[in-house]
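If you count by the working numbering, then the sequence shown holds residues 101 to 351, one letter each, in order. Heads up, the beta-carbon is just placed ideally off N, CA and C, and yes, glycines get one too. These numbers were taken from a predicted model, which means no experiment stands behind them. Structure first, then comments.
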Amino acid sequence: MLFTVAVADIQITVVNQCSQTIWPGVWSQADIPENGGFELAAGAQQVLTVPTGWTAGRIWARTGCTGSGTSLTCETGACGNGLQCNGTTGATPASLAEITMTSTTGGNDVYDVSYVDGSNIPVVMQPVDGTFTPDSSQGQYYCAEAGACSQDLKTVVVAELQDNVNGQLVGSLSACLATGDAQYCCTGAYDTPETCPTSNFPPQYYSDLKAVCPTAYMYAYDDTTSTFSCKGSSNPSPDYTVTFCPGGVGL
């Protein structure tokens with residue numbers, strides 16, 4: 101007799117620890133919850149339900165938004181002019197929580213926090229205790245918190261990396277976004293890890309940023325210090341929490 105194991109959907113809890121309302125955006129290759137966007141008041145949280153094997157998922161925060169419904173204007177992270185992004189990704193710069201979930205029992209999810217296209221507010225992502233399989237042999241990037249920063253990055257970057265809207269500091273640019281230079285974007289002749297090493301980057305474009313946010317992606321090949329993996333316990337994937345402005349820092 102064959103027995104099948106029921107596989108439940110995965111929950112991602114989005115938490116707003118900012119002092120202001122944010123408007124999270126969601127994108128994936130398929131199965132986009134909330135049609136890609138919703139409003140989240142300060143101190144509130146919302147649970148997103150996604151299927152096993154959810155692929156290339158990303159969650160970001162839109163900030164400084166005015167209007168509502170199909171007429172929403174945002175200072176950062178905009179995905180058109182509506183509350184729901186409906187398959188449109190957010191404008192840069194915006195901090196991204198990214199994940200690709202395994203579709204098989206025993207496989208690993210891969211997740212990260214990316215500032216490759218700049219950042220607006222701090223964000224961290226971590227699996228929920230009790231939903232993953234502990235394994236100390238996997239090292240520090242297994243089922244751990246991704247993206248933690250000691251400060252709000254936009255307040256410590258050099259002036260050329262600051263993003264201002266109407267005289268207000270709202271985000272920080274990556275080296276690629278600020279310069280468009282192939283050696284910082286890892287494009288053209290620099291499109292491999294070997295030809296796009298961190299030694300190409302002056303401190304203000306990389307090492308100074310990593311000192312503040314050591315586990316966030318700062319450029320395309322920042323894998324060794326920024327890629328996390330995790331294995332579910334009762335499901336192939338664990339549940340996750342994505343927290344914006346952790347500790348109340350950032351907005």
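Subject >> Where the alpha helix (DSSP H) through Asp-308 begins and ends >> reply: As a working note, residue 308 is residue 208 in the sequence shown. Asp-308 -> alpha helix (DSSP H) spans 307 to 312.
Subject >> Identity of the residue in Gly-164, Thr-176, Cys-185 nearest Thr-170 by Cα >> reply: Against the sequence shown, residue 170 aligns to sequence position 70. The candidate whose alpha carbon is nearest that of Thr-170 is Cys-185.
Original post:
Who are the near neighbours of Gly-136 in its chain, counting only those whose CB is closer than 8 Å to its CB and skipping five residues on each side?
Top reply: Position 36 of the sequence shown, counted from the start, is the residue given in the question as residue 136. Only Gly-125, Val-126, Trp-127, Cys-179, Gln-184, Cys-185, Asn-186, Gly-187, Thr-188 meet the Cβ criterion.
**OP:** Please confirm whether Cys-296 and Tyr-317 have their CB atoms less than 9 Å apart.
**Re:** Here residue 296 refers to the residue found at position 196 when the sequence shown is read from its first residue. Here residue 317 refers to the residue found at position 217 when the sequence shown is read from its first residue. At a Cβ-Cβ threshold of 9 Å, Cys-296 and Tyr-317 do not count as neighbours.
Original post:
If you draw a straight line from the C-alpha of Leu-102 to the C-alpha of Gly-207, how long is it?
Top reply: Within the sequence shown, residue 102 is the residue found at index 2, counting from 1. Within the sequence shown, residue 207 is the residue found at index 107, counting from 1. At Leu-102, the pLDDT of 43 sits below 50, so the modelled position is not reliable and the matter cannot be decided from this model.
Subject >> Outcome for Val-78 when other beta-carbon atoms lying within 10 angstroms are tallied against a minimum of 16 >> reply: Examination of residue 78 is not possible in this model, given that the chain is present from 101 through 351 alone.
**OP:** Kindly confirm or deny that the segment 246 to 255 and the segment 211 to 230 touch, where touching means at least three C-beta pairs closer than 8 Å.
**Re:** In short, these stretches touch, since the Cβ pair count reaches three.
Subject >> Buried versus exposed call for Glu-294 [16 or more other C-beta atoms within 10 Å across all chains shown] >> reply: For the purposes of this step, residue 294 is taken as the residue at position 194 of the sequence shown. So Glu-294 counts as exposed.
Subject >> Contact between the segment 333 to 350 and the segment 116 to 123 (3+ Cβ pairs under 8 Å) >> reply: Enough Cβ pairs lie closer than 8 Å, so yes.
Subject >> Neighbour-count burial assignment, Asn-181, 16 or more Cβ in a 10 Å radius >> reply: The residue you call residue 181 lines up with position 81 of the sequence shown. It counts as exposed.
Original post:
In chain order, which alpha helix (DSSP H) runs of at least 4 residues are fully inside the segment 267 to 311?
Top reply: Scanning the segment 267 to 311 for uninterrupted alpha helix (DSSP H) segments of 4 residues or longer gives 275 to 279, 282 to 285, listed from N- to C-terminal end.
Original post:
Assuming Met-201 and Ile-132 make a contact with CB atoms under 8 Å, what is their CB distance in whole Å?
Top reply: As a first step, residue 201 is located in the sequence shown; it is residue number 101 there, counting from the start. As a first step, residue 132 is located in the sequence shown; it is residue number 32 there, counting from the start. Between Ile-132 and Met-201 the Cβ distance is about 14 Å, and since that is not below 8 Å, they are no contact.
Original post:
Roughly how many whole angstroms lie between the Cα atoms of Val-114 and Thr-292?
Top reply: Within the sequence shown, the letter at position 14 stands for residue 114. Within the sequence shown, the letter at position 192 stands for residue 292. Using only the alpha carbons, I get a separation of about 34 Å.
Original post:
Once you ignore the five residues that flank Gln-129 on each side, which residues in its own chain have a CB closer than 7 Å to its CB?
Top reply: Taking the first residue of the sequence shown as position 1, residue 129 is located at position 29. Cβ within range, chain order: Thr-155, Ala-156.
Subject >> For Val-114, the three-state DSSP class (helix, strand or coil) >> reply: Counted from its first residue, the sequence shown places residue 114 at position 14. Val-114: strand per DSSP, three-state reduction.
Original post:
Between Tyr-305 and Thr-325, what straight-line distance do the alpha-carbon atoms span, to the nearest angstrom?
Top reply: Indexing the sequence shown from 1 puts residue 305 at position 205. Indexing the sequence shown from 1 puts residue 325 at position 225. Near 16 Å, if we compare the C-alpha coordinates of Thr-325 and Tyr-305.
**OP:** Tell me whether Ser-250 sits in a helix, a strand or coil according to DSSP, three-state version.
**Re:** Taking the sequence shown and counting its residues from 1, the one referred to as residue 250 is at position 150. Residue state for Ser-250 is assigned as coil, using DSSP reduced to three classes.
Original post:
Three-state secondary structure (DSSP) at Leu-68?
Top reply: Shown here, the chain extends from 101 to 351; a query on residue 68 therefore has no answer.
Original post:
Measuring CA to CA, which of Ser-219, Ala-141, Leu-277 is closest to Trp-123?
Top reply: For the purposes of this step, residue 123 is taken as residue 23 along the sequence shown, with counting starting at 1. The option with the nearest alpha carbon to Trp-123 is Ala-141.
Original post:
Can you tell me the Cα-Cα spacing of Cys-174 and Ser-236, whole angstroms?
Top reply: Here residue 174 corresponds to residue number 74 of the sequence shown, with the count starting at 1. Here residue 236 corresponds to residue number 136 of the sequence shown, with the count starting at 1. Straight through space, the alpha carbons of Ser-236 and Cys-174 are spaced by roughly 42 Å.
Subject >> Secondary structure of Thr-324, DSSP reduced to three states >> reply: Within the sequence shown, the letter at position 224 stands for residue 324. DSSP, read as helix, strand or coil, puts Thr-324 in helix.
Original post:
Can Gly-271 and Asp-263 be called in contact, C-beta distance under 9 Å?
Top reply: Indexing the sequence shown from 1 puts residue 271 at position 171. Indexing the sequence shown from 1 puts residue 263 at position 163. Yes, they are a contact pair.
Subject >> Beta-carbon gap between Val-210 and Thr-315 smaller than 9 Å >> reply: Sequence index remark: in the sequence shown, residue 210 carries index 110 (1-based). Sequence index remark: in the sequence shown, residue 315 carries index 215 (1-based). Between Val-210 and Thr-315, the CB-CB gap reaches or exceeds 9 Å.
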